[in-house]
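Remarks on the structure that follows.
Protein chains in written order, with our numbering: chain A, 804 to 1310; chain B, 804 to 1310.
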C-alpha cells in the first residue's frame, strides 16, 4: 500500500479510496445493527447510551467521508484510467463527499439535535391533537433544511436538493410529472369505484392469534424463497428491514384483528430484504455492493407486496397455507381473499392503512404541501387547513382532527422533506419492472399459482440486484426494462386490475 | 471548546481527553452490541460481514487511542490541577495509551490475524483429538505474545506483562502467592473429601425441559433483583454477559439433563451484569463509569453464584420456585439441593464442569503451564505430557485424550495467556468481599432464606460498583473490605463449608 508521503498514483488512489469507502460502510453497517437492536430487542433503559453510541458512529462516518484525504483521493482517482465499475464507485463517493462537505458541521449538528428533540414533541402533539405544539418545531426544521439545501446548491430549487437525499438521480421534474399523472388518473378511478356498487368480500375478519400469524409469516417467507441462513424475522412497532447482503433481516407486526396486514407487511419487507440479499457479496462495503436509493428499494418491496402478494394467483397458492394456520379461512375462496386484499377504502384518512390506489393520493398531498413549505409559499400555520382541504378534494374525506390529519406521519419530525414521493415513485417502478419481467419470462400467473417464485427472483437478481450502484437510477431502469422510467405500466396495471375487480365500464 | 491551534490549558486538555475517552467507549460499546448480536441472534451467513465490521470498529478505537493528540492531551492533563476522580480518569487512559502505543501496529495485526485463524485450527484439533495439528499455531501465538510483552516492557517478566492485560493492578507475585496457597490448601481438602464416605444427595437428576428452565432462569433473576428495564436474558452456546450500565444483558444455556447448571450459570452471569448495572450512569463512557478488571468482575459473578446461589439458605428460599416449574422436585429437601449444588467431583477432567473446589486446581495447572510456556521453560510439544502429569498429581485423574486435556479450553487459541488466573483470583476476592459485607451487615443467611437480596446488593453498589475505576484494584479491595487482598477468607470459607458438608475431622 502506498504511504501517505507519496503522491498517490491513480490506481493507488482508487484502492485507497475504496478502502475508505469500506471502512465507512462498516461503521454504517454497525449503526444499522445498533438500530435493529434498539427497535427489536433492546431494553427500554438502554436508550441514553444507545443514542450516544449511534451519534458517535455517525460522527465517525461523517468525519471519514469529509476528511481532506478523501477529497485528494477522489481528485486523483478521477484522473486515473478506470474501468466502468471503478468509475461508478468514484461517482457515488464523489456525490456523497460533495454533499457532506458542502454543509457546515454546525448546521448538520443543529439539524440532528433539532430532529432528536422534535420526535417527542411531535409524538406528544399527535397524542394531544395539538398542532400548535408542534408548529414551532416544524418551522425550525423547515428553515434549517432550507439552509441545508442552500449550502448544497444555492442555485437549485431547495426542495429538489432535499429530494435528492432520498432519490439523487431522478430529477424533480420527473417526480412531479409522475405524481401529477397519478393524481389525474387515480382520482377519477377511485371516484368510479366509490360510485359503483361492487362490495369486495371481507374475507379476513375475525380474531387471528399472534403466534399463528408469526408462523404464517414464516410460511410466506419460506414460500417466497427468503434465505434464512442470511436473515431472520422479528416483530417491531414499525416494521422495517435492515442489513447487508450477508444478513438482511425483516420485521413485522401482528394485529390480532388484521391478518392481511401482517401478511402484506411481511411480503413488503421481504421485498426490501431480498433486494439487499441480491447485492454482490464480493463488493460488500463499496457502492457496487450497495443498494440503489429509495425509489429502486421501494420498487422491490412494492413489486412483491402488490404485484405478487395482492394478485389472485398468489391467493390461489397461499390460501391453503393460511387456512392451515387459521381453520376459519377454510370457507374463504381465493377469489374472496384476492378481493379482500384489494379493497379500496375511500373513507380512510391514514396513509399506512391505505390501499394500493388511494395510497398515492396520500403521497401527492404530502408532496404538494412539503414543496410549498420549503419554497416558502405555504406557512406552517396553514398546514392543517391545506391538508384537510386537499383530503377533501382528492379523497372526498376530511380529517376531523390533526392527529388523523397532518400530524399522522413521523417523517417531518425527522426533517425528512422529500422522502414521501419515493414511496409512489417506487410503486410506479415496480409496475414497470414487473411488466419487463413478464415481457421476458411470459405471464407469471401460473408460476405464482404454483408457488414458483424462482424465475421472477432470478430476473430481479440479474437485472436489478446484482448491479448495486453500478448504474444511476435512470440507467438501471433502462438497463432492466429496456425503456426510460414511465408511469404507463402502473396506470395500465391499476386500471386493468381495479377495473375488473370493481366491474368498471371499459374494463 | 478549545480549537486545535491553541495550546490546551490543563482543564481544557482534561475535558478534551474525556471526550476522546467517551468516543472510544462508544465505539467499543457498539462492538459489544455486535458481538452480542453475533452470539445470540445473527444468522450464520452474517459472519464474513460481521468480522469486517468488528475489525473496523476495533481499528478505529485503536487509532483514536493511539493518536498523537491523545498523547498530547494526556501530557497536558497530567500537569493540570485535577481532583481525585479526574486523576483516576487520566491514570486509566494513560495506562491504555502506553500499552497501545508501545506495540507496533504490524504486531497487533499479526496477533489478531493469527488468533482469528487459530480458532478453527484449535476447534478441529480438539474434535480430532490431535494436539500436533494445533501445536504449530500455539507455538506462533506464544512467540508473538512474547514479542508483544517485550515491546510493552522489555525489563519485565513477559508473563507478568501479559497477565496485566487482564488484571493490571494485582502484581504477579500476589497472583502466584494466592494460587500457590489455593493449591496447597485445596489438594489436601479435596483428598480428604475423596477419602471420606459422605455421598451428597443427587437431587437434580432427571429431565428438565428447556422452556421451563428458561422460566426458572427468569424467576431467579426476578428474585435477585435484576433490572429488566436495563437487561434481558437469552441463550448462547457459551454463556456470557455484556453491556453498559444502561443495558447489561445475560445469556445462559439449557441442558435438559442438568437443571443445576443453568441455574448457577444464570446466577453467575447475573453477578457480572449486576456489577455493570451498578456503575454510575453519569460517568458512562469514562473510566469512572467503567468496571474494574477481570478479578473484580469475576468476584461479582462468583459471589452471587457461590456465596449466595450455592448456600443452604438460598435453596430453602428458591426450591419451592423450582418445584413449581418442575414438580418432580417437590420431594427434594433444601438440604439435599444444597448438597447437590456443592458436590465435589474428584474425577472430573473438564474445567467448565468443575465444582467450586477442584475448579481452582484446573486453574493452577493452566497457570503453571502457561507461565513456563511464555518464559520458554516449557516447549509446546511437551504441553500434553506436563498437563496430564499435573492432573494426576493435583486431581488424581489423568486425561486419556488431549481433547479432554490440554485442548479443552478456547483461551490459548485466542492468545489469552494470563487470563486463567483471574478466575481464581476473582473467587478469592468474592469470599473477602462477602465476609466484609457480613461483617458490616451481620449474617446474611436469614436475608437469603427470605429472598431478601437488597441489603447485600446495596452494599456491593456502595462499596464496589459505584466506584467504577476510581480506585486501582488493590485500593478498591482495601476500600471495600478494610484490608489488603487476601486468600484467608476464601480458605476459611472453603474449609468450613466443605468440612461440614463432608463431615471432615476438625470441622
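Here a beta-carbon is modelled for each residue, glycine too, at the ideal position from N, C-alpha and C.
Across the set 1154(A), 1026(A) and 1017(A), the C-alpha of 1017(A) shows the shortest separation from the C-alpha of residue 1037(A).
No Cβ of chain B is located within less than 9 Å of the beta carbon of residue 896(A).
Proximity to residue 1274(A) across 831(A), 865(A), 860(A) and 887(A) peaks at 887(A), based on C-alpha coordinates. Closest option to residue 1105(B), judged by alpha-carbon separation, among 933(B), 1078(B) and 1074(B): 1074(B). A Cβ-Cβ separation of about 6 Å places residue 917(B) in contact with residue 944(B) under the 8 Å criterion. Runs of the alpha helix (DSSP H) spanning 4 or more residues and lying entirely within the stretch 1131-1179 of chain A occur at 1137-1143 and 1161-1178, in chain order.
Proximity of residue 1030(A) to chain B, defined by a Cβ-Cβ separation below 9 Å, is satisfied.
Rounded to whole angstroms, residue 1093(A) and residue 1241(A) show a C-alpha spacing of 26 Å.
In the displayed model, residue 1051(B) falls within a strand according to three-state DSSP. The three-state secondary structure of residue 1229(B), taken from DSSP, is helix. Rounded to the nearest angstrom, the Cβ distance from residue 1011(A) to residue 1059(A) is 6 Å, consistent with a contact under 8 Å.
Judged by beta-carbon spacing, residue 877(B) lies beyond the 9 Å limit of residue 863(B), meaning their Cβ atoms are not closer than that value. The beta carbons of residue 1289(B) and residue 1098(B) sit no closer together than 9 Å. When the beta-carbon positions are compared, residue 1039(A) and residue 1080(A) stay at least 9 Å from each other.
When the Cα atoms are used, residue 990(A) and residue 1139(A) turn out to be separated by approximately 25 Å.
Within the stretch 1078-1107 of chain B, the residues whose Cβ lies closer than 8 Å to some Cβ of chain A are 1084, 1087 and 1088, listed in chain order. Fewer than three Cβ pairs drawn from the stretch 1174-1192 of chain A and the stretch 1225-1238 of chain A lie within less than 8 Å of each other, which leaves the two stretches out of contact. With a threshold of 9 Å between beta carbons, residue 1052(B) makes contact with chain A.
For residue 1185(B), the closest of 941(B), 869(B), 1024(B) and 1083(B) by C-alpha to C-alpha distance is 941(B). Of all alpha-carbon atoms in 1124(A), 973(A) and 881(A), the one lying nearest the alpha-carbon of residue 1287(A) is that of 973(A). Look at residue 1291(A) here: in three-state DSSP terms it is helix. Shown here, residue 1036(B) sits in a strand according to DSSP, grouped into three states. In this model, residue 993(B) and residue 1257(B) are separated by some 34 Å (Cα to Cα). Along the stretch 1242-1267 of chain A, none of the residues has a CB nearer than 8 Å to a CB of chain B. Taking CB atoms only, residue 1018(B) has no neighbour in chain A less than 9 Å away. Put simply, the CB of residue 1076(A) is far from chain B, with every gap to its CB atoms at 9 Å or more.
Beta bridge pairing from DSSP links residue 1219(A) with no other residue.
Among the bridge pairs identified by DSSP, residue 1061(A) is matched with 1058(A).
Beta bridge pairing from DSSP links residue 1045(B) with 1052(B). Rounded to whole angstroms, the Cβ separation of residue 1218(B) and residue 1102(B) is 25 Å, and the two are not in contact under 8 Å. By the C-beta density criterion, residue 1031(A) is exposed, having fewer than 16 other C-beta atoms within 10 angstroms. With respect to residue 1076(B), residue 1046(B) sits close: the two C-beta atoms are nearer than 9 Å. DSSP, reduced to helix, strand and coil, places residue 1078(A) within a helical segment of the structure shown. In terms of Cβ geometry, residue 1048(A) and residue 1096(A) do not form a close pair [threshold 9 Å]. Your pair residue 836(A) and residue 837(B) checks out as a contact, with CB atoms roughly 6 Å apart and the cut at 8 Å. When C-alpha distances from residue 966(A) are compared across 1021(A), 1063(A) and 1177(A), the shortest belongs to 1177(A).
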